[in-house]
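Below you'll find the structure, written out as structure tokens, and then a few comments.
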Amino acid sequence: MSDFNFHTEGKSVVERWGQRLVILGTSLVTHLPDVDFTSMDALSREKTGFPFKKPSPKSLEQGISTTLVAVLSPDLASQSGAYLQDCQVCETREYAHDGNLADQLWELSEELVSNEFQIGAT
Numbered sequence: 000m001s002d003f004n005f006h007t008e009g010k011s012v013v014e015r016w017g018q019r020l021v022i023l024g025t026s027l028v029t030h031l032p033d034v035d036f037t038s039m040d041a042l043s044r045e046k047t048g049f050p051f052k053k054p055s056p057k058s059l060e061q062g063i064s065t066t067l068v069a070v071l072s073p074d075l076a077s078q079s080g081a082y083l084q085d086c087q088v089c090e091t092r093e094y095a096h097d098g099n100l101a102d103q104l105w106e107l108s109e110e111l112v113s114n115e116f117q118i119g120a121t
């Protein structure tokens with residue numbers, strides 16, 4: 000269990016779940032330069048051992064469907080912390096359970112947004 004999960008258990012968090020990155024088919028990123036997926040693939044293989052799969056854009060309906068299933072499905076009530084992909088509960092990769100990687104990601108996130116989050120602090 001990551002530190003985030005540990006700290007939030009004492010708070011009023013009722014259920015937790017994760018969802019795969021969703022890219023909605025919009026024109027919001029048309030001004031951005033092309034992303035170098037070759038470099039992303041090489042980095043992914045180096046860090047995780049898995050190839051980087053270029054995300055396929057989804058419609059708005061497809062993009063929100065997994066979130067709606069996670070929030071509204073009574074079948075998930077007993078699966079707090081589940082990872083969902085395309086409206087289905089899926090297994091996570093082994094590295095997703097690495098507490099050290101979770102800490103590194105948390106610290107990087109705080110650095111990127113210039114804010115330190117005190118989750119679980121009283």
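Residue numbers for the sequence shown follow my numbering, so the first one is 0 and each next one is one higher.
Each residue gets a CB set at the ideal place from its N, CA and C atoms; glycine is no exception.
- Contact between the stretch 53-70 and the stretch 81-93 is established, with three or more Cβ pairs separated by less than 8 Å.
- The straight-line gap separating the alpha-carbon atoms of Leu104 and Asp97 is approximately 11 Å.
- For the pair Pro50 and Asp40, the CB atoms are nearer than the 8 Å cut-off.
- Each of Ser38, Gly48, Leu42 and Ser58 was checked against the Cα of Glu93, and the nearest Cα belongs to Gly48.
- DSSP places Leu42 inside the alpha helix (DSSP H), whose first and last residues are Phe36 to Thr47.
- It is roughly 20 Å from the alpha-carbon of Leu75 to the alpha-carbon of Glu60.
- The DSSP-derived three-state label of Ala69 is helix.
- A straight-line Cα-Cα distance of about 32 Å links Pro73 and Asp102.
- Here Ala95 carries a helix assignment [DSSP, helix/strand/coil].
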